[in-house]
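Residue numbers (full-length UniProt numbering), protein chains in the order written: chain A, 1 to 314; chain B, 1 to 283; chain C, 1 to 357. The beta carbon of each residue, even a glycine, is placed where N, CA and C say it ideally should be. As the structure is a computational prediction, the values presented were derived from the model and not from experiment. What follows is a set of notes on a single structure, which appears directly below.
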Amino acid sequence: MSATGTAAGPGLRRQPGRRRRADDVAGLGRVRAGLFVAPALALIGLFLVFPAVWTIYLGMTDYRLTGLAAANPEFVGLDNFATALGDDEFWHSLWLTLIFVLVSGVIGQTLLGFSVAWALRRVRGWVKSVIETLVLAAWVVPASVASFLWLALLDRRTGTLNALLGTEGTAWLIEYPMVAIIVFNVWVGTAFSMLLFSSALAAVPPSQLESARMVGAGSWQQLRDVVLPNIRGHILTNTLLITLWTFNTFTPYLLTAGGPRDESAILAVYIYTTAIPGGQLGMGAAISLIMLLINLVIALGYLRVARAASGGRR
Amino acid sequence: MSAPPPSLGRRMVRHYLSRVLFVVAMGLVLVFFALPMLWLVTAPFDADPSLTVGWPDWTLANFAQLAENRYALGSLRNSLILGVGTMVLVLALGSLAAYALSRVRIPGRDGLLYALLLLSSIVTGTAAMVPTFQLMTQIGLINTQIGVILVLAGGVLPTVVFILKDFMDSIPKSYEESARLYGASPLQILTHVVVPTARPGLAFVAVWTVVQVWGNFLVPFLLLRTPESQPAAVLMYTFYTEGGQPDLRLLSAFSLVFSVPVIAMYFLVNRRYGFRFHGGIKS
Amino acid sequence: MAAITTTALVKEYPGGVRGVDGVDVTVADGEFFALLGPSGCGKTTLLRSIAGLESITEGTLQIGDRDVTHLEPGERGVAMVFQDYALFPHMDVADNIAYPLKIKRVGKGPRRTTATEVGEGLSLHGLMQRRPAQLSGGQQQRVALARAVATRPEVLLLDEPLSNLDARLRLEARTFLKELQRELGVTTVFVTHDQAEALALADRIAVMKAGRLQQVGTPREVFSRPVNTFVAGFIGSTPMNLVEAETADGGVRVAGAIAPLPVGAQGAVADGAPVVWGARPEYLRWSTEPVDGGIEAEVSVIENLGASVLVSAHSGEVRLQLVVAEDDEPSPGDRGWVVATPRRSLLFDSESTDLIG
Numbered sequence: 001m002s003a004t005g006t007a008a009g010p011g012l013r014r015q016p017g018r019r020r021r022a023d024d025v026a027g028l029g030r031v032r033a034g035l036f037v038a039p040a041l042a043l044i045g046l047f048l049v050f051p052a053v054w055t056i057y058l059g060m061t062d063y064r065l066t067g068l069a070a071a072n073p074e075f076v077g078l079d080n081f082a083t084a085l086g087d088d089e090f091w092h093s094l095w096l097t098l099i100f101v102l103v104s105g106v107i108g109q110t111l112l113g114f115s116v117a118w119a120l121r122r123v124r125g126w127v128k129s130v131i132e133t134l135v136l137a138a139w140v141v142p143a144s145v146a147s148f149l150w151l152a153l154l155d156r157r158t159g160t161l162n163a164l165l166g167t168e169g170t171a172w173l174i175e176y177p178m179v180a181i182i183v184f185n186v187w188v189g190t191a192f193s194m195l196l197f198s199s200a201l202a203a204v205p206p207s208q209l210e211s212a213r214m215v216g217a218g219s220w221q222q223l224r225d226v227v228l229p230n231i232r233g234h235i236l237t238n239t240l241l242i243t244l245w246t247f248n249t250f251t252p253y254l255l256t257a258g259g260p261r262d263e264s265a266i267l268a269v270y271i272y273t274t275a276i277p278g279g280q281l282g283m284g285a286a287i288s289l290i291m292l293l294i295n296l297v298i299a300l301g302y303l304r305v306a307r308a309a310s311g312g313r314r
Numbered sequence: 001m002s003a004p005p006p007s008l009g010r011r012m013v014r015h016y017l018s019r020v021l022f023v024v025a026m027g028l029v030l031v032f033f034a035l036p037m038l039w040l041v042t043a044p045f046d047a048d049p050s051l052t053v054g055w056p057d058w059t060l061a062n063f064a065q066l067a068e069n070r071y072a073l074g075s076l077r078n079s080l081i082l083g084v085g086t087m088v089l090v091l092a093l094g095s096l097a098a099y100a101l102s103r104v105r106i107p108g109r110d111g112l113l114y115a116l117l118l119l120s121s122i123v124t125g126t127a128a129m130v131p132t133f134q135l136m137t138q139i140g141l142i143n144t145q146i147g148v149i150l151v152l153a154g155g156v157l158p159t160v161v162f163i164l165k166d167f168m169d170s171i172p173k174s175y176e177e178s179a180r181l182y183g184a185s186p187l188q189i190l191t192h193v194v195v196p197t198a199r200p201g202l203a204f205v206a207v208w209t210v211v212q213v214w215g216n217f218l219v220p221f222l223l224l225r226t227p228e229s230q231p232a233a234v235l236m237y238t239f240y241t242e243g244g245q246p247d248l249r250l251l252s253a254f255s256l257v258f259s260v261p262v263i264a265m266y267f268l269v270n271r272r273y274g275f276r277f278h279g280g281i282k283s
Numbered sequence: 001m002a003a004i005t006t007t008a009l010v011k012e013y014p015g016g017v018r019g020v021d022g023v024d025v026t027v028a029d030g031e032f033f034a035l036l037g038p039s040g041c042g043k044t045t046l047l048r049s050i051a052g053l054e055s056i057t058e059g060t061l062q063i064g065d066r067d068v069t070h071l072e073p074g075e076r077g078v079a080m081v082f083q084d085y086a087l088f089p090h091m092d093v094a095d096n097i098a099y100p101l102k103i104k105r106v107g108k109g110p111r112r113t114t115a116t117e118v119g120e121g122l123s124l125h126g127l128m129q130r131r132p133a134q135l136s137g138g139q140q141q142r143v144a145l146a147r148a149v150a151t152r153p154e155v156l157l158l159d160e161p162l163s164n165l166d167a168r169l170r171l172e173a174r175t176f177l178k179e180l181q182r183e184l185g186v187t188t189v190f191v192t193h194d195q196a197e198a199l200a201l202a203d204r205i206a207v208m209k210a211g212r213l214q215q216v217g218t219p220r221e222v223f224s225r226p227v228n229t230f231v232a233g234f235i236g237s238t239p240m241n242l243v244e245a246e247t248a249d250g251g252v253r254v255a256g257a258i259a260p261l262p263v264g265a266q267g268a269v270a271d272g273a274p275v276v277w278g279a280r281p282e283y284l285r286w287s288t289e290p291v292d293g294g295i296e297a298e299v300s301v302i303e304n305l306g307a308s309v310l311v312s313a314h315s316g317e318v319r320l321q322l323v324v325a326e327d328d329e330p331s332p333g334d335r336g337w338v339v340a341t342p343r344r345s346l347l348f349d350s351e352s353t354d355l356i357g
């Protein structure tokens, strides 16, 4: 009721407080409402917003975990950014991240999740619950457990995979580190897309599908002409979240620790190894900032597409 | 009725072919998701587990061994402290904020909510690990449970406020208006009417927060440097990365005990509330 | 008990939209008063302003001899039954009824006693331990009423009290509501969009449109002497025939025929004036023989109303509807004469749409 004070005539000014309170259902009033919101905002501000902002400053220092620069960091301006952007390792890591996001997130999780949701949409009974439960369990199991399960599966000497395929001695994590973390990430994350798409598919009006069937549309045509247009919003949401999550996930570190050498050092892992074990906090912060900016670009790009899509529908 | 329908035989063939295709595809999906999971359900019950999945030599001795391990139990307790602590903090602050935002039109409210939500998905533990580490070192909360709780709470609060506000928006305003007509004060309205009617939403958020924190690896890994204070997620990792050959009996039993609570809570939430709020559920 | 008086009451929303636009109305002590109008006419806003749930932008509101314009809802001595009843889902029936007493810090014992008493008065015994979700619609409504009257309010407000009940139950609840109001003698204001409900229940009806009062009167007055074509068209289960016409030869020229001048308009209007002629379908007669002053027309559609039929007949471009007893039912395509009685027809000014007589 923000405009009440200005829109109403002189009669209002007598008791503005009363009036405003009468306009919200609980009689809370704006001051009390502000008090209710403040503690949450303070916590978010201090532990979420502030670190993000401080990244900018830290990125411009030569802060180190130990040694001289730890006690007395110097301002080095954009040096860190210049170093990072001139460093092959950084570009290599960014390239790996891109592949990782594209293949495991956007293609792997989304496609597999959608396919499972689509295949199971009319299935009832135990088949559906067994598959859904397994997919969901992979998502819910704590990351450190999930990664150990894969370490066990892929183990060089006694891993189950080698035993099944008869390929004893194949060190999957060393020979194919990127493939390993990509497949692992698909395994972990498919549940989200599956859940999202199965609820989206359930919301497609049956009458629309039925009228498509009445005019003789096959499965594929129904999918293209009725289902996909209906769930466009869900596809966008799914893609955004999957992209951000995959981009930022740290879990592959538990599987390969970025190795061998840095063959699977996606950006999140690269920042960690640079900053904490490597001790270069300033440098790590600079890369973090680049990562934040990429996140921002992804999110804003998504918003733009979403807005264009909803505008187009109107 | 112009084109003749395909012959019955051909339709049957196509029908069976697609059935077979469907079964094979679902079979592959099943194997893919089940295969890594098998170890988790067999090894803990095996008297002498290896990394290879096999029919176990049934025993519960591994769990007995786990019960005697000081670190293992301590880490589970730490996980519980972190989970419950974060949950309590987030519920208290989140429901107050969500209620005010749902019922009073504060200027710029929607923008603020979306900005925070966007921020919480952009500023992840990963991208902010260096400043978070620095901040906690500076204010002396490094190596403390409180520090981890605060950081985790700050990370999940935007989503929690968003979910709870959504929930409170769906509570009919007439409940509160009705209470108001009888002269109830805002605080009475909150405790008599809003909290009880929002209970399903609060329960959902509570479980969800615990699940989030229980499995979180990076924040405690970053901020807690002594084994005594580390939660199960971190201890689990040190179990198999440090000190040569891991003790698979301990590790397998620990994995299972560590995983079961979240799986149980998760399925409970999913069964009771469906996919309604999963928009921001796992980050 | 108390009367309610509003003086030049205005409720303005941000952006300048007026939900209630200068309403002066007095509801007498103990009266059963209806606010009637189409959706968006401001009737609910007026009710909520009386309750204190909407702030009053201008004007004053009095309950009894107190000016309550700026009082909090809880301080006004007003109780309200919401359209969705607003029963707290987490409390049982007894706790719901006793809730206002709890706020007034009445002890647990007396609270229970009052709740039981009030509940029994509304035939809720045996249901006191149930949750609202376990009750039927009619029972829920009675619980909401019980909660509202538990504190003996000076004024009882009802927002669309019957709209959440199914058709058959609605009739029962209507009678019940009227009995209850008579018994308690509490000043009651209720909002409805259903003219039949207002006619059946209210001592007086206020018809509203676009935030303004159109007419305040007894059901009979509003039905038989609507002040303008809006009220005329809104009241009545089959809408009044309203036809552009012209006074001529001491009568009214309707669709080429000269119908008799309505009694109330005699001497109030000169020949040749453009008017709107109005006659309720129930008051028109169908004749198969030519009648003096009858309007010749051809039957196009027949709708069955049970014991009677609604006949639509066309005379040129003009469509007239009339209710005919089932025995006299014509067939589509029949030609005949529509006959109006001077005592039961009305004339409205075609410009201002106000009643001439």
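Check, Outcome
"Outcome for Ala268 of chain C when other beta-carbon atoms lying within 10 angstroms are tallied against a minimum of 16", "exposed"
"Contacts around Gly19 of chain C, its chain only, beta-carbon distance under 7 Å, and the 5 residues preceding and following it disregarded", "Lys11, Tyr13, Gly42, Thr45, Gly211"
"Cβ of Arg232 of chain A within 8 Å of any chain B Cβ", "no"
"Stretch pair the stretch 49 to 56 of chain A + the stretch 264 to 278 of chain A: three plus CB contacts closer than 8 Å", "no"
"Minimum length 3: unbroken beta strand (DSSP E) runs contained in the stretch 25 to 52 of chain C", "32 to 36"
"Distance between Leu162 of chain C and Leu199 of chain C (C-alpha atoms, nearest Å)", "14 Å"
"Buried or exposed by the 16-neighbour rule on C-beta atoms within 10 Å, applied to Thr6 of chain C", "buried"
"Proximal chain B residues relative to Gly159 of chain A, where beta-carbon distance stays under 8 Å", "Leu51, Thr52"
"Neighbour-count burial assignment, Val189 of chain C, 16 or more Cβ in a 10 Å radius", "buried"
"Beta carbon of Phe82 of chain C nearer than 8 Å to that of Ser174 of chain B", "yes"
"Through-space distance from Arg152 of chain C to Val160 of chain B, alpha-carbon basis", "42 Å"
"contact_flag[the stretch 164 to 173 of chain B, the stretch 88 to 102 of chain B] where n(CB pairs < 8 Å) is 3 or more", "yes"
"Inter-stretch contact at 8 Å, needing at least 3 Cβ pairs: the stretch 206 to 224 of chain C / the stretch 310 to 327 of chain C", "no"
"C-beta atoms of Gln65 of chain B and Ala253 of chain B nearer than 8 Å", "yes"
"Min CB distance Tyr13 of chain C to chain B below 8 Å", "no"
"Within 9 Å of chain B by C-beta, residues of the stretch 108 to 129 of chain A in sequence order", "Leu112, Ser115, Val116, Ala119, Leu120, Val123, Val127"
"Chain B contacts from the stretch 243 to 256 of chain A (Cβ-Cβ distance under 9 Å)", "Leu244, Trp245, Phe247, Asn248, Thr249, Phe250, Thr251, Tyr253, Leu254"
"Contact set between the stretch 245 to 266 of chain B and chain A, restricted to residues whose Cβ is under 8 Å from the partner", "Leu251, Ser255, Phe258, Ser259, Val262, Ile263, Tyr266"
"Environment of Gln266 of chain C [buried if 16+ CB atoms lie within 10 Å]", "exposed"
"Nearest to Leu151 of chain A (by Cα), restricted to the options A:Val37, A:Leu134, A:Glu89, A:Ile181", "A:Ile181"
"Chain B contact for Thr55 of chain A (CB, 8 Å cutoff)", "yes"
"Exposure label - Glu244 of chain C; buried when at least 16 CB within 10 Å", "exposed"
"Contact list for Ala75 of chain C against chain B, beta-carbon separation under 9 Å", "For the record, residue 75 of chain C in the displayed sequence is Glu; it is not Ala. Within chain B, the residues near Glu75 of chain C are Gly183."
"Contact check, Thr158 of chain A vs Ser50 of chain B, beta carbons under 8 Å", "yes"
"Inter-stretch contact at 8 Å, needing at least 3 Cβ pairs: the stretch 247 to 265 of chain A / the stretch 120 to 129 of chain B", "yes"
"Interface flag, His90 of chain C vs chain B, CB-CB below 8 Å", "yes"
"Beta-carbon neighbours of Thr197 of chain B, restricted to chain C and to distances below 9 Å", "Phe88, Pro89, His90"
"Run of the beta strand (DSSP E) containing Ser312 of chain C, from where it starts to where it stops", "308 to 315"
"Inter-stretch contact at 8 Å, needing at least 3 Cβ pairs: the stretch 158 to 168 of chain A / the stretch 77 to 92 of chain A", "no"
"Beta-bridge partners of Trp286 of chain C, as assigned by DSSP", "C:Val338"
"Leu347 of chain C: CB within 7 Å of a non-hydrogen atom of the ligand NAD", "Ligands are entirely absent from the displayed structure, and the ligand NAD is therefore not among its contents."
"From B:Ser178, B:Phe63, B:Val23, B:Thr197, residue whose alpha carbon lies closest to that of Met91 of chain C", "B:Thr197"
"Inter-residue Cα distance where the pair is Gly29 of chain A and Ala306 of chain A", "35 Å"
"Simplified DSSP state of Arg180 of chain B, which is helix, strand or coil", "helix"
"8 Å Cβ cutoff, Gln138 of chain B in contact with chain C", "no"
"For Pro274 of chain C and residue 386 of chain C, the rounded distance between their alpha carbons", "Outside the shown range of chain C, which is 1 to 357, sits residue 386 of chain C, and nothing can be said about it."
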